[in-house]
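Just below is one structure, and these are the notes that go with it.
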Amino acid sequence: MRRSLDALTAGPFDVLILGGGITGAGVALDSALRGFRVALIDKGDFASGTSSASSKLVHGGLRYLEHGHIPLVYEALRERRLLLRNAPHLVHPLRFVVPFFAGARVARWQWRAGLSLYDLLAGAGNLRRNRPLHRSHLRREFPDLNSAGLTGGAEYYDAQMDDARLCIEVLRTAAAHGASLANYVEAVGFEKVNGRIAGAQVVDRVGGESFAIYARQVVNATGPWVDAVCRLAGDASTQHLRPTKGVHLIAPDRGLRSAFLLLHPEDGRVFFVLPWQGKTLVGATDTLCDDSPDALTVTADDQAYLLAGHNHFFSPSLAEADILNSFVGLRPLVHSSKGDPSSLPREFRLIASPSGLLSVAGGKYTTYRAMAETITDVVAARLGKQRHCRTRRCALDGAPPERWTAFLERETASLGACHGVGEETARHLVERYGRRAAEVAAYLERDPALGKPVDPGEPEMRAEFVYQQEHEMALFPEDHLLRRTHLGLFRPELLRWIGGG
Ligand SMILES: Cc1cc2nc3c(=O)[nH]c(=O)nc-3n(C[C@H](O)[C@H](O)[C@H](O)COP(=O)(O)OP(=O)(O)OC[C@H]3O[C@@H](n4cnc5c(N)ncnc54)[C@H](O)[C@@H]3O)c2cc1C
Numbered sequence: 036m037r038r039s040l041d042a043l044t045a046g047p048f049d050v051l052i053l054g055g056g057i058t059g060a061g062v063a064l065d066s067a068l069r070g071f072r073v074a075l076i077d078k079g080d081f082a083s084g085t086s087s088a089s090s091k092l093v094h095g096g097l098r099y100l101e102h103g104h105i106p107l108v109y110e111a112l113r114e115r116r117l118l119l120r121n122a123p124h125l126v127h128p129l130r131f132v133v134p135f136f137a138g139a140r141v142a143r144w145q146w147r148a149g150l151s152l153y154d155l156l157a158g159a160g161n162l163r164r165n166r167p168l169h170r171s172h173l174r175r176e177f178p179d180l181n182s183a184g185l186t187g188g189a190e191y192y193d194a195q196m197d198d199a200r201l202c203i204e205v206l207r208t209a210a211a212h213g214a215s216l217a218n219y220v221e222a223v224g225f226e227k228v229n230g231r232i233a234g235a236q237v238v239d240r241v242g243g244e245s246f247a248i249y250a251r252q253v254v255n256a257t258g259p260w261v262d263a264v265c266r267l268a269g270d271a272s273t274q275h276l277r278p279t280k281g282v283h284l285i286a287p288d289r290g291l292r293s294a295f296l297l298l299h300p301e302d303g304r305v306f307f308v309l310p311w312q313g314k315t316l317v318g319a320t321d322t323l324c325d326d327s328p329d330a331l332t333v334t335a336d337d338q339a340y341l342l343a344g345h346n347h348f349f350s351p352s353l354a355e356a357d358i359l360n361s362f363v364g365l366r367p368l369v370h371s372s373k374g375d376p377s378s379l380p381r382e383f384r385l386i387a388s389p390s391g392l393l394s395v396a397g398g399k400y401t402t403y404r405a406m407a408e409t410i411t412d413v414v415a416a417r418l419g420k421q422r423h424c425r426t427r428r429c430a431l432d433g434a435p436p437e438r439w440t441a442f443l444e445r446e447t448a449s450l451g452a453c454h455g456v457g458e459e460t461a462r463h464l465v466e467r468y469g470r471r472a473a474e475v476a477a478y479l480e481r482d483p484a485l486g487k488p489v490d491p492g493e494p495e496m497r498a499e500f501v502y503q504q505e506h507e508m509a510l511f512p513e514d515h516l517l518r519r520t521h522l523g524l525f526r527p528e529l530l531r532w533i534g535g536g
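Here it is as structure tokens:
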């Protein structure tokens, strides 16, 4: 995947996608697989918006059942199955535990009914049936779980991902099928012919150059920026989004091997305590937010809310000083006049403006492929090129050619034997790059010093940064530290050291 501005000026394209989060990435891949000429730009790094700030869950969303969003849950569970098959190196099953407490907002029987419905909706794609857990079992398995009022619980299975890398991998797969992509290229206006959009005026945020990209159809997939881009196109008649802010805290590993779905003691909202990449995540908040997506902050209140939630359920408690870092994103939810933030629909809406612009509002990460299928069907109809969607069976770029567990063991051993990589690092490379791991390890032949770790406490080796520069379009330190690895999330001081800030 190479950044080439020349390729972008060599239009006209069939479709130009604005936004390289998961929504835009999905449309780029679907369109490229249908044989369309595709261009995609992002004003920052790929996945630098909401698509790197999620709870990292590929899930049906048990909590959406409470609001009656059954079709969404059904679709998301189907997409979970497809993602586990098409990107098994980046999406893994995860066990969830729901503890039941006396007097809680959701009664035991309601949990049991919800979990049974969840199993039913997953159908043949179910990972494992939910199972009741006795109070004594929970106390034995999770000695840190506070047991006052604990009456029992249940376990069920969902899946977990690396959101930023999955997004980049969808883009890489699109590039392999001919899409022209560039990060750090911002749409600042539109080219119009007879009032109809015929392309975008863009600025290269690296070199400073301005130019136009021409396309028969422009798709606005800018997530929380969708309304701003509509205004840029002169289509500002209504507000399409009602964004909510979501904050997560990152703590050192709390020793949990399962995720916890919990109800916050202050407002009864669902929140998670999750094991992720050797750390523990606590999140998320869900508050209506009018702040610019370019200037989001984590407030003391956000942090206090999440710490209070964690500490209500677990001892020893987490203190502010224990927190390694936090991250924040805006859910680009469809505007709807009523409802508290948690009950706002996660469905998406495709808006066709009089200027011809197609804008995408809402959606969930998990359902990006299905969203892209619907959007690309509309694009295909507008182009007059009826071609079928091929993403259901499209393995992503790093997906191995054989069963994941067998591949992981074989490739880990092979990296050790062929490149002298230690077992832990080799396993880490395979889990991150899938079948591309050997290409990363091969850099050690160029320079054995590239085998040294970037940070002594973490598995990343220096060769990854060179590989990411040459094959994953990483341009700046934060591209490596926040999206292609998570070193900067876990050790924020690295961003200051490496960035020289
Ligand atoms: C706290 C939180 C937790 C979540 N957890 C989950 C979860 O566990 N599972 C799940 O399925 N979903 C989850 N979601 C939802 C999911 O993360 C989002 O629906 C999804 O990431 C949105 O992707 P997007 O591509 O639409 O937007 P974004 O990822 O924000 O991408 C939009 C892109 O557009 C670019 N852009 C903006 N303006 C321009 C311009 N003028 N020119 C060019 N580019 C531009 C931006 O730089 C950005 O990269 C969560 C969301 C939040 C906030």
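With the numbering used here as the guide, the letters of the sequence shown map in order to residues 36 to 536. For each residue, glycine too, the CB sits at the ideal point set by N, CA and C. From a predicted model like this one, the values you see are computed outputs, not experimental measurements.
- DSSP assignment within the stretch 452-514 yields the following whole alpha helix (DSSP H) runs of 4 residues or more, N-terminal first: 458-468, 472-476, 478-481, 497-506.
- In terms of Cβ geometry, residue 36 and residue 207 form a close pair [threshold 8 Å].
- Pairing residue 279 with residue 368 gives a Cβ-Cβ distance under 8 Å.
- The Cβ atoms of residue 88 and residue 305 do not sit closer than 8 Å to each other.
- Taking residue 283 as the centre and dropping the five residues before and after it, the same chain places the C-beta of 316, 318, 319, 362 closer than 6 Å to its C-beta, in chain order.
- In the structure shown, residue 217 falls within a strand segment according to DSSP collapsed to helix, strand and coil.
- DSSP places residue 270 in the coil class of the three-state scheme, outside both helix and strand.
- Residue state for residue 408 is assigned as helix, using DSSP reduced to three classes.
- Selection 137, 172, 150 evaluated against residue 184 yields 137 as nearest (Cα-Cα).
- Distance from the CA of residue 399 to the CA of residue 355, rounded to the nearest whole angstrom, comes to 30 Å.
- About 14 Å separates the CB atoms of residue 190 and residue 143; that is not less than 8 Å, and the two are not in contact.
- Taking 8 Å as the cut-off, the Cβ atoms of residue 256 and residue 56 count as close.
- For residue 276 and residue 126, the gap between their C-alpha atoms comes out near 29 Å.
- Looking at the DSSP output, residue 245 bridges to 238.
- Closest in C-alpha terms to residue 213, from the list 474, 72, 509, comes 72.
- When 41, 66, 150, 498 are compared, the shortest CA-CA separation from residue 101 is found for 150.
- Here DSSP, grouped into helix, strand and coil, assigns residue 312 to coil.
- Sequence-distant partners of residue 154 (beyond 5 residues in either direction) whose C-beta falls short of 7 Å from its own C-beta, in its chain, are 161, 164, 165.
- When secondary structure is reduced to three states using DSSP, residue 189 falls in the strand class.
- Fully enclosed beta strand (DSSP E) runs of no fewer than 3 residues occupy 393-397 of the stretch 389-434, in order along the chain.
- By the neighbour-count criterion, in which a residue is buried when 16 or more other Cβ atoms sit within 10 angstroms of its Cβ, residue 243 is exposed.
- Note on the stretch 40-119: whole alpha helix (DSSP H) runs with a minimum of 4 residues are 40-44, 57-68, in chain order.
- In the structure shown, residue 386 falls within a strand segment according to DSSP collapsed to helix, strand and coil.
- For residue 314, the CB stays at least 7 Å from every heavy atom of ligand 1.
- At a cut-off of 7 Å, the beta-carbon of residue 94 counts as near ligand 1: some heavy atom of the ligand is closer than that.
- The closest CA to that of residue 425, considering only 66, 38, 194, 219, is found on 66.
- Rounded to the nearest whole angstrom, the C-alpha separation of residue 223 and residue 262 is 14 Å.
- Apart from the 5 residues on each side of it in sequence, residue 520 sits with its Cβ closer than 6 Å to the Cβ of 495 in its chain, given in chain order.
- The beta carbon of residue 152 is closer than 7 Å to those of 100 in its chain, skipping five residues each way along the sequence.
- Not one heavy atom of ligand 1 sits closer than 7 Å to the Cβ of residue 439.
- Only residues of its own chain outside the window of five on either side were considered, and among them 285, 524, 527 have a CB closer than 6 Å to the CB of residue 360, listed in chain order.
- An exposed status is given to residue 103, since fewer than 16 other beta-carbon atoms sit within 10 Å of its beta-carbon.
- Taking all protein chains in view, the Cβ of residue 328 is crowded by 16 or more other Cβ atoms within 10 Å, so the residue is classified as buried.
- DSSP places residue 279 within a strand segment (E or B) once states are collapsed to three.
- By the neighbour-count criterion, in which 16 or more other beta carbons inside 10 Å mark a residue as buried, residue 39 falls on the exposed side.
- Cβ contact annotation for residue 300 (same chain, cutoff 8 Å, sequence separation greater than five): 343, 344, 347, in chain order.
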